[in-house]
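Reading through the structure tokens given below for one structure.
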Amino acid sequence: MTEKASLVGQFANAYVFKVSPKASKIEVKKAVEEEFKVTVNKVNILNVKGKLKRSMTAKGKISKKSNWKKAYVALKEGDRIEISQD
Numbered sequence: 733m734t735e736k737a738s739l740v741g742q743f744a745n746a747y748v749f750k751v752s753p754k755a756s757k758i759e760v761k762k763a764v765e766e767e768f769k770v771t772v773n774k775v776n777i778l779n780v781k782g783k784l785k786r787s788m789t790a791k792g793k794i795s796k797k798s799n800w801k802k803a804y805v806a807l808k809e810g811d812r813i814e815i816s817q818d
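Under my numbering, the first residue of the sequence shown carries the number 733, and numbering increases by one thereafter.
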């Protein structure tokens, strides 16, 4: 969990999840409600572009990491998700 994700959870009763690039807001909402037994108020999805990486051993070969999605899920007032740091 990043600093920004923990701050969002602390002040806005929202959580950040890495989701499938094919996932929609409705699918994310249903999955969170079923998995954690909470009520979701709002879902925002952010597409994150994969970074370019240069290989030092392959003559400067450039490769690209995969694109991915991040979902910000806001919960109903009073609902919480217990996340273990294992």
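For glycine and all other residues, C-beta sits at the position ideal for the given N, C-alpha and C. Being a predicted model, the structure only gives us computed values, none of them experimental.
Val805 is a Cβ neighbour of Ala746, given a cutoff of 9 angstroms. Rounded to whole angstroms, Glu767 and Glu814 show a C-alpha spacing of 12 angstroms. When C-beta atoms of the stretch 771-779 are compared with those of the stretch 787-798, fewer than three pairs fall below 8 angstroms, so the two segments do not count as touching.
Of all alpha-carbon atoms in Gly810, Lys750, Ala737 and Lys757, the one lying nearest the alpha-carbon of Ser798 is that of Lys750. Nearest C-alpha to Glu809 among Asn773, Lys783, Ser795 and Gly792: Asn773.
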